[in-house]
Every structure is written in C-alpha cells, then in structure tokens.
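Colleague:
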Amino acid sequence: MNHKAIFFNFKYWGEGKDYVESSEKLKKAGVEVVFSGELLNKDSIPSEKDFDIAGVFMDSKVDASTISVLPELKFIATLSTGFDHIDLKAAAERGVQVSSVPAYGENTVAEFAFALLLALSRKIREASVRVKDEKKFSTDGLCGFDLAGKTLGVIGTGRIGKHAVRMGKGFGMKIVAYDVYHDDAFAKEMGYSYVSLEEILAESDVITIHCPYLPSTHHLINKNNIGLMKKGAYLINTARGAIVETPAVIAALKSGQLGGAGLDVLEEEANMKAGDMSLDRELVMMPNVIVTPHNAFNTKEAFQRILETTIDNIVAFTEGKPVNLVPNK
Ligand code: NAD
Numbered sequence: 003m004n005h006k007a008i009f010f011n012f013k014y015w016g017e018g019k020d021y022v023e024s025s026e027k028l029k030k031a032g033v034e035v036v037f038s039g040e041l042l043n044k045d046s047i048p049s050e051k052d053f054d055i056a057g058v059f060m061d062s063k064v065d066a067s068t069i070s071v072l073p074e075l076k077f078i079a080t081l082s083t084g085f086d087h088i089d090l091k092a093a094a095e096r097g098v099q100v101s102s103v104p105a106y107g108e109n110t111v112a113e114f115a116f117a118l119l120l121a122l123s124r125k126i127r128e129a130s131v132r133v134k135d136e137k138k139f140s141t142d143g144l145c146g147f148d149l150a151g152k153t154l155g156v157i158g159t160g161r162i163g164k165h166a167v168r169m170g171k172g173f174g175m176k177i178v179a180y181d182v183y184h185d186d187a188f189a190k191e192m193g194y195s196y197v198s199l200e201e202i203l204a205e206s207d208v209i210t211i212h213c214p215y216l217p218s219t220h221h222l223i224n225k226n227n228i229g230l231m232k233k234g235a236y237l238i239n240t241a242r243g244a245i246v247e248t249p250a251v252i253a254a255l256k257s258g259q260l261g262g263a264g265l266d267v268l269e270e271e272a273n274m275k276a277g278d279m280s281l282d283r284e285l286v287m288m289p290n291v292i293v294t295p296h297n298a299f300n301t302k303e304a305f306q307r308i309l310e311t312t313i314d315n316i317v318a319f320t321e322g323k324p325v326n327l328v329p330n331k
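3 is the number of the first residue of the sequence shown in my numbering; add one for each residue after it.
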C-alpha cells in the first residue's frame with residue numbers, strides 16, 4: 003500500500019529535509035514524502051489533504067478541529083519527545099495513532115540546562131557584552147558564584163533529569179530530587195535522596211525542571227509555594243513553560259526571592275512565536291533572566307537522531323507494527 007507523508011514547518015530544518023527526502027527506508031516502505039513550510043494547526047490547514055501521515059514538530063498545534071478536517075490522516079509522527087501539542091483524545095477518537103521520539107539525546111537537554119545555569123552563575127552574557135560592545139576589559143560587577151558545594155534540586159529524574167544529576171555531581175554539587183516515581187537504585191548509585199516538593203524548594207540553591215507537562219505538573223511551582231525557595235535561589239526550566247506560574251516567577255525575581263532564571267520554555271511561547279509577548283514580556287526583559295527560544299534539543303547530533311527515529315516510526319506504522327506510540331488518552 004502506498005502512503006503519503008507531509009512534514010510540516012520544514013523551512014527551518016536545513017539539511018534535515020534532504021535527509022528525509024532521500025531516505026531509502028521511506029522509499030522502500032512506499033512512502034511519498036512532501037514538505038510544507040507551514041505549521042499544522044486550525045489556522046493553517048493544507049489545501050491538499052490526501053496524506054495519511056503527518057510529521058509535525060512542537061510548534062504545530064494539532065487540535066480536534068484540525069484532525070477533524072483531515073479525512074485521510076491515520077498517523078502523526080511528532081519530531082519531539084513531548085506530545086502536549088497534540089489532542090490525543092481527539093486523535094484516538096478518529097483512530098489516528100501518534101508516535102513520538104522518546105529519546106534522542108537526553109544529555110543534549112541537560113547540557114543546555116547547565117549552559118543556562120553557568121551563563122547566569124558566571125555572568126557570561128554580561129562579560130561578553132563588556133568586552134565586545136562596551137569595549138572594556140574590566141571585571142567590575144562580574145563576580146559570580148561557584149556551583150561546587152551548592153545544592154541542585156532536580157525535579158523529574160527521568161532520562162534528562164538523570165543526566166542533570168550526573169552533571170551536577172561532576173560540578174561537585176549536592177543533589178536532591180523530587181519525582182512521583184523514585185529510582186532508588188540510581189539514587190543510591192549517585193548518592194542523592196528523594197524529598198518532597200516543599201523540601202526540594204526549601205533546600206536547593208538551584209532548581210532544574212525535567213518533568214513532563216501534565217495536568218498534575220501544571221503550575222507545579224506557583225504563587226503559593228515559590229516563597230518556600232531559598233532566598234536568591236536560581237530556577238532553570240528546559241521542560242515546559244506552564245510547569246511554572248509566570249506571574250509568580252516575575253514577582254519572586256522582583257522581590258529577590260529568586261536570584262535569577264534560565265528559561266528555554268515559556269508559558270506563552272506559542273503566542274510569542276506569533277509575535278505576542280504580553281504575559282512573558284516583563285519576564286524576558288528582566289536583567290537576571292536568560293530566555294532562549296526552546297532550543298535545548300537543538301544540536302546536530304540530536305537532530306540526526308530525531309530524524310532517524312521519526313523515519314523508523316513511520317516505517318513501523320506502514321508495516322502495521324507501530325512503535326513509540328504515545329498513550330491515546
Ligand atoms: P522522562 O519521561 O524520561 O522523565 C520524566 C520524569 O518526570 C519521570 O521520572 C517522571 O516520573 C517524572 N514525573 C512525572 N510526573 C511528575 C510529577 N507530577 N512531579 C515530578 N516528577 C514527575 O522525560 P525526559 O525525556 O527526561 O523529558 C522531560 C521533559 O523535558 C519532556 O517531557 C519535555 O517536556 C522536556 N523536553 C524539552 C526539550 C527542549 O528542547 N527544551 C527537549 C526534550 C524534552
């Protein structure tokens with residue numbers, strides 16, 4: 003049986019397009035591949051709807067109304083670990099299966115979390131501006147702080163969180179963790195303990211978030227508990243924006259409760275991509291905040307692995323033995 007796959011928003015993907023286009027695996031599986039420069043969402047439904055496979059990235063918002071107008075659609079392959087941009091219930095009701103890329107370089111995201119942390123702890127941005135833009139070779143106001151000896155709180159000790167634990171250890175940090183699932187063997191091996199959410203907030207000099215966005219993690223850090231954090235603690239979020247309540251973070255940064263924040267994800271990043279920064283603008287402009295555009299995954303090695311797994315996911319679907327399916331409710 004022949005299949006047709008459309009990959010959405012491929013305009014930024016450089017060589018990735020050639021890689022998918024020339025994939026022998028897809029050719030052998032009888033998959034015709036086309037590319038759209040657009041996102042897939044309710045405002046951007048393609049005029050040609052004769053595809054049974056959609057390849058999407060997180061910036062597409064595949065909701066019920068989008069799925070309902072794609073009659074041939076049978077399979078969504080998201081080129082990401084997270085799948086909160088797809089209405090899984092609506093997909094299941096229409097018999098559309100959804101696959102993700104469960105692992106493509108958990109070190110990649112953890113490395114980025116530390117890049118954000120080190121940029122804050124050692125004032126790398128300010129130091130670079132000093133030399134490059136201000137043309138001054140002076141250390142005035144650039145005193146940072148050591149990571150060694152500080153306590154790193156890791157929220158979510160899954161694939162990425164475990165790398166964050168290892169990296170924190172490498173920097174000589176004490177680790178505490180919060181997770182609904184306790185990997186006691188790993189905790190023993192790495193010499194850390196699991197504590198409650200309240201305890202991790204109170205004990206950590208730096209919190210790094212690595213849990214998924216779920217109803218249970220919506221505003222996990224919020225106006226009611228952010229005050230438990232150590233005065234001057236740092237918050238790193240490379241997971242999902244809505245795990246923290248944005249106005250609470252802004253208030254904590256203003257009061258000095260938080261010393262700084264490194265954020266690769268924002269609660270309103272979808273709006274921000276469309277040019278609307280209303281909720282997050284104040285946060286983005288704060289001097290002790292570094293915001294990056296959901297870029298933690300973005301290395302050439304990780305991208306290669308994302309493409310390989312996505313191709314394998316599509317081929318497995320065409321063979322009637324889908325893999326890496328996400329739960330359908
Ligand atoms: P994972 O599934 O391996 O680990 C997630 C961990 O979070 C698990 O140990 C799980 O038990 C824990 N968890 C679940 N619910 C929790 C809760 N209520 N409180 C505390 N912990 C909870 O996932 P992963 O591969 O480590 O990825 C983590 C998240 O990172 C993804 O869900 C995704 O949102 C995000 N991510 C971001 C980027 C980026 O580019 N910024 C890239 C990849 C992944």
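C-beta: ideal position from N, C-alpha, C; glycine also. On a predicted model such as this, the values are computed, not experimentally measured, just so you know.
Counting Cβ pairs, one atom from each stretch, are 3 or more of them under 8 Å apart for the region 276 to 292 and the region 119 to 136?
Modeller: Contact between the region 276 to 292 and the region 119 to 136 is present, because at least three Cβ pairs lie under 8 Å.
Colleague: Tell me whether residue 183 counts as near ligand 1, meaning its Cβ is closer than 7 Å to at least one heavy atom of that ligand.
Modeller: Residue numbering aside, residue 183 sits at position 181 when the sequence shown is read from its first letter. At least one heavy atom of ligand 1 is nearer than 7 Å to the Cβ of residue 183, so yes.
Colleague: Which runs of the beta strand (DSSP E) fall wholly inside the region 204 to 275 and span at least 3 residues, in chain order?
Modeller: Runs of the beta strand (DSSP E) inside the region 204 to 275: 208 to 211, 235 to 239, 260 to 265.
Colleague: Cβ of residue 299 versus every heavy atom of ligand 1: is any distance shorter than 7 Å?
Modeller: The residue you call residue 299 lines up with position 297 of the sequence shown. For ligand 1, at least one heavy atom lies less than 7 Å from the Cβ of residue 299.
Colleague: So, using beta-carbon positions, are residue 47 and residue 71 closer together than 8 Å?
Modeller: Position 45 of the sequence shown, counted from the start, is the residue given in the question as residue 47. Position 69 of the sequence shown, counted from the start, is the residue given in the question as residue 71. For residue 47 and residue 71, yes; Cβs fall inside 8 Å.
Colleague: Could you give the distance in angstroms between the alpha-carbon of residue 64 and the alpha-carbon of residue 52?
Modeller: Residue mapping note: residue 64 aligns to position 62 of the sequence shown, counting from 1. Residue mapping note: residue 52 aligns to position 50 of the sequence shown, counting from 1. Distance between the alpha carbons of residue 64 and residue 52: 17 Å.
Colleague: Could you check what DSSP says for residue 66 in three-state terms: helix, strand or coil?
Modeller: The residue labelled residue 66 in the question sits at position 64 within the sequence shown. Residue state, collapsed to three classes: helix.
Colleague: From residue 138 to residue 118, what does the alpha carbon distance come to, in whole angstroms?
Modeller: In the sequence shown, residue 138 corresponds to position 136, counting from 1. In the sequence shown, residue 118 corresponds to position 116, counting from 1. The straight-line gap from Cα to Cα measures roughly 24 Å.
Colleague: Which residue marks the beginning of the beta strand (DSSP E) containing residue 313, and which one marks its end?
Modeller: Position 311 of the sequence shown, counting from 1, holds the residue named residue 313. Note, residue 313: premise wrong, no beta strand (DSSP E); alpha helix (DSSP H) at 302 to 320.
Colleague: By the 10 Å Cβ neighbour count, where 16 or more other Cβ atoms means buried, how is residue 111 classified, buried or exposed?
Modeller: Along the sequence shown, read from residue 1 onward, the residue named residue 111 stands at position 109. Residue 111 should be labelled buried.
Colleague: With distances taken from CA atoms, which of 323, 309, 322, 328 is nearest residue 57?
Modeller: Looking up residue 57 in the sequence shown gives position 55. Answer by Cα proximity: 309.
Colleague: Beta-carbon separation of residue 196 and residue 215 under 8 Å?
Modeller: As a working mapping, residue 196 is identified with position 194 in the sequence shown. As a working mapping, residue 215 is identified with position 213 in the sequence shown. No, these two residues do not count as a Cβ contact at 8 Å.
Colleague: Tell me whether residue 251 counts as near ligand 1, meaning its Cβ is closer than 7 Å to at least one heavy atom of that ligand.
Modeller: Start at 1 with the first residue of the sequence shown, and residue 251 comes out as number 249. Because no heavy atom of ligand 1 lies under 7 Å away, the Cβ of residue 251 does not count as near it: no.
Colleague: Could you check what DSSP says for residue 180 in three-state terms: helix, strand or coil?
Modeller: Translated into the one-based positions of the sequence shown, residue 180 becomes position 178. Note: residue 180 maps to strand in three-state DSSP.
Colleague: With the cut-off set at 8 Å, would you say residue 99 and residue 324 are in Cβ contact?
Modeller: Translated into the one-based positions of the sequence shown, residue 99 becomes position 97. Translated into the one-based positions of the sequence shown, residue 324 becomes position 322. Closer than 8 Å, so yes.
Colleague: In its own chain, which residues sit with a C-beta less than 7 Å from the C-beta of residue 104, not counting the 5 before and 5 after it?
Modeller: Residue 104 sits at position 102 when you count from the first residue of the sequence shown. So the qualifying residues of the chain are 83, 326.
Colleague: Using only the heavy atoms of ligand 1, determine whether one of them is closer than 7 Å to the beta carbon of residue 68.
Modeller: Numbered from its first residue, the sequence shown carries residue 68 at position 66. No, the beta carbon of residue 68 sits no closer than 7 Å to any heavy atom of ligand 1.
Colleague: If residue 44 sits next to residue 68, beta carbons under 8 Å apart, how far is it from one beta carbon to the other, in whole angstroms?
Modeller: Translated into positions along the sequence shown, residue 44 becomes position 42. Translated into positions along the sequence shown, residue 68 becomes position 66. Confirmed, about 5 Å.
Colleague: Does the count of Cβ pairs from the region 197 to 204 and the region 216 to 228 closer than 8 Å reach three?
Modeller: Enough Cβ pairs lie closer than 8 Å, so yes.
Colleague: Rounded to the nearest angstrom, what separates residue 141 and residue 155 at their Cα positions?
Modeller: Position 139 of the sequence shown holds residue 141. Position 153 of the sequence shown holds residue 155. Going by the C-alpha atoms only, they are around 30 Å apart.
Colleague: Label residue 36 either buried or exposed according to how many other C-beta atoms from any shown protein chain fall within 10 Å of its C-beta, with 16 as the threshold for buried.
Modeller: Looking up residue 36 in the sequence shown gives position 34. With fewer than 16 Cβ atoms within 10 Å of its Cβ, residue 36 is classed as exposed.
Colleague: Which residue comes first and which comes last in the alpha helix (DSSP H) that contains residue 128?
Modeller: If you number the sequence shown from 1, residue 128 lands on position 126. Its alpha helix (DSSP H) spans residues 126 to 134.
Colleague: Verify whether the separation of the beta carbon atoms of residue 171 and residue 207 is less than 8 Å.
Modeller: Here residue 171 refers to the residue found at position 169 of the sequence shown. Here residue 207 refers to the residue found at position 205 of the sequence shown. No, the Cβ-Cβ distance between residue 171 and residue 207 is not below 8 Å.
Colleague: For the alpha helix (DSSP H) containing residue 165, name the first residue and the last one.
Modeller: Taking the first residue of the sequence shown as 1, we reach residue 165 at position 163. Unbroken alpha helix (DSSP H) run through residue 165: 161 to 172.
Colleague: Measuring alpha carbon to alpha carbon, tell me which residue in 234, 184, 160 is nearest residue 212.
Modeller: The residue you call residue 212 lines up with position 210 of the sequence shown. It is 160.
Colleague: In angstroms with no decimal places, state the Cα-to-Cα distance between residue 107 and residue 169.
Modeller: Numbered from its first residue, the sequence shown carries residue 107 at position 105. Numbered from its first residue, the sequence shown carries residue 169 at position 167. Residue 107 and residue 169: Cα-Cα distance of roughly 14 Å.
Colleague: State buried or exposed for residue 264, treating a residue as buried only when at least 16 other CB atoms are found within 10 Å of its CB.
Modeller: Position 262 of the sequence shown, counted from the start, is the residue given in the question as residue 264. Counting Cβ neighbours within 10 Å, residue 264 comes out buried, since at least 16 surround it.
Colleague: State buried or exposed for residue 144, treating a residue as buried only when at least 16 other CB atoms are found within 10 Å of its CB.
Modeller: Start at 1 with the first residue of the sequence shown, and residue 144 comes out as number 142. Residue 144 should be labelled exposed.
Colleague: State yes or no: is the C-beta of residue 209 within less than 8 Å of the C-beta of residue 162?
Modeller: Residue 209 sits at position 207 when you count from the first residue of the sequence shown. Residue 162 sits at position 160 when you count from the first residue of the sequence shown. Not closer than 8 Å, so no.
Colleague: Can residue 158 be considered in contact with ligand 1, in the sense that its beta carbon sits closer than 7 Å to one or more heavy atoms?
Modeller: Here residue 158 is taken as the residue at index 156 of the sequence shown, counted from 1. Correct: residue 158 has its Cβ closer than 7 Å to ligand 1.
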